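As structure tokens, the structure follows; a few thoughts come after it.
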Amino acid sequence: MNIICPSCGSKIAMDDINVSTDIALCRNCGRNFSYSELVAGTATAGADLNAPPSGAWFQELPGGFRVGATTRSWMALFLVPFTCVWSGISMSGIYGTQIRSGHFDPGSSLFGLPFLIGTFFLVGMCVMNVAGRVELALNGDNLSVFIGVGPVGWKRTYLWSEFSSVREGFGSNTYNWNRQPGIVLEGKRRLAFGSMLSEQRRYFVLSVLRKMLRNSNRGFTSASVTPPFR
Ligand SMILES: [Zn+2]
Numbered sequence: 011m012n013i014i015c016p017s018c019g020s021k022i023a024m025d026d027i028n029v030s031t032d033i034a035l036c037r038n039c040g041r042n043f044s045y046s047e048l049v050a051g052t053a054t055a056g057a058d059l060n061a062p063p064s065g066a067w068f069q070e071l072p073g074g075f076r077v078g079a080t081t082r083s084w085m086a087l088f089l090v091p092f093t094c095v096w097s098g099i100s101m102s103g104i105y106g107t108q109i110r111s112g113h114f115d116p117g118s119s120l121f122g123l124p125f126l127i128g129t130f131f132l133v134g135m136c137v138m139n140v141a142g143r144v145e146l147a148l149n150g151d152n153l154s155v156f157i158g159v160g161p162v163g164w165k166r167t168y169l170w171s172e173f174s175s176v177r178e179g180f181g182s183n184t185y186n187w188n189r190q191p192g193i194v195l196e197g198k199r200r201l202a203f204g205s206m207l208s209e210q211r212r213y214f215v216l217s218v219l220r221k222m223l224r225n226s227n228r229g230f231t232s233a234s235v236t237p238p239f240r
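Numbering (our numbering), first residue to last: 11 to 240.
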């Protein structure tokens with residue numbers, strides 16, 4: 011069976027394939043690929059880490075790396091006016107009248123709860139579409155994931171060694187209003203994020219994570235023949 015490099019098209023010698031670590035090395039262009047993905051025909055060279063698309067960034071750090079992208083989107087042009095009108099009318103109609111009259115109405119307050127929750131959700135979406143970002147930072151084995159605006163947002167820390175693969179896919183527990191796929195990190199645990207990123211930015215972040223996983227999780231050592239980051 012011929013294994014062909016998806017980047018430069020040259021044949022990869024069997025000697026340069028390590029099945030146990032799932033690494034195939036192309037001698038011609040110096041890139042590493044997942045052997046199983048090559049066999050399945052799904053291997054790609056991935057995005058160029060040194061040339062992020064606009065709105066995305068990648069930086070190697072002494073203890074790891076930092077990768078992220080903005081969730082800014084043209085959707086804001088629709089979402090912001092819609093939120094102002096929808097939330098403005100429902101909030102002032104249901105709660106504004108109570109505040110103005112100084113009379114608390116439990117019935118209509120209860121009725122208004124879904125609108126209140128909807129308003130929080132819409133405002134959050136607006137903020138993310140105007141100025142949000144998704145960022146991952148690895149330091150040692152600590153992978154921090156941030157989704158938010160400025161210093162405000164959702165942040166969790168995971169163990170990088172708990173993840174062994176990354177792909178595009180849908181999260182199970184996140185409300186995915188636009189049915190866009192996100193990035194799914196899998197291994198001993200599963201993490202899905204980034205469905206708000208544009209396709210280009212998502213692909214870039216995915217490519218970075220794939221390369222980094224391949225380099226660190228699969229027993230890449232200094233004995234390897236290629237520079238680990240490429
Ligand atoms: Zn090649």
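Built from N, CA and C at the ideal position, the CB exists for glycine as well. The model shown is predicted, which means the values in this text are computed figures rather than measured ones.
Alpha carbon of residue i to alpha carbon of residue j, nearest angstrom
i, j, result
"G128", "G122", "10 Å"
"C15", "C36", "6 Å"
"P91", "S175", "40 Å"
"A233", "G40", "Note that A233 scores a pLDDT of 38, beneath 50, so its modelled location is shaky and nothing firm can be said."
"W170", "S20", "33 Å"
"L59", "N152", "21 Å"
"Y105", "P161", "31 Å"
"A55", "S119", "55 Å"
"E145", "D115", "43 Å"
Those residues which DSSP pairs with residue i across a bridge
i, result
"A147", "R76 and S154"
"R199", "DSSP lists no partner for R199."
"F173", "G197"
"I22", "I13"
"I27", "A34"
"F68", "V77"
Residue from the options with nearest C-alpha to residue i
i, options, result
"R189", "S171, E209, D26 and G19", "E209"
"N150", "T167, L59 and L216", "The sequence shown places Gly at residue 150, not Asn. Checking every option, the nearest Cα to that of G150 belongs to T167."
"K221", "D26, G19 and F43", "F43"
"V140", "G192, S83 and G179", "S83"
"L126", "W96, G160 and G192", "W96"
"G179", "G204, F214 and K198", "G204"
"M206", "K165, V194, M138 and F173", "M138"
"V159", "G98, G78 and D58", "G78"
"E172", "M11, K198 and V162", "K198"
"T52", "G142, E196, R177 and G192", "R177"
Close Cβ partners of residue i (< 7 Å) along its chain, the five nearest in sequence each way excluded
i, result
"T93", "L132, V133 and C136"
"Q69", "F75 and R76"
Contact test: residue i Cβ vs ligand 1 heavy atom, cutoff 7 Å
i, result
"S44", "no"
"N12", "no"
"R41", "yes"
"C136", "no"
"S83", "no"
"N38", "yes"
"C18", "yes"
"C94", "no"
Beta-carbon proximity list for residue i, same chain, < 8 Å, skipping 5 on both sides
i, result
"Y45", "I13, I27, N28, V29, D32, I33 and A34"
"A23", "R37"
Residues of its chain near residue i, where Cβ-Cβ distance is below 6 Å and the 5 sequence neighbours each way are ignored
i, result
"L48", "I13 and A34"
"S154", "A147 and T167"
"F214", "A57, P62, P63 and A66"
"E196", "S175"
Residue i beta carbon near ligand 2 (any heavy atom closer than 7 Å)
i, result
"N42", "This structure lacks ligand 2; its bound ligands are ligand 1."
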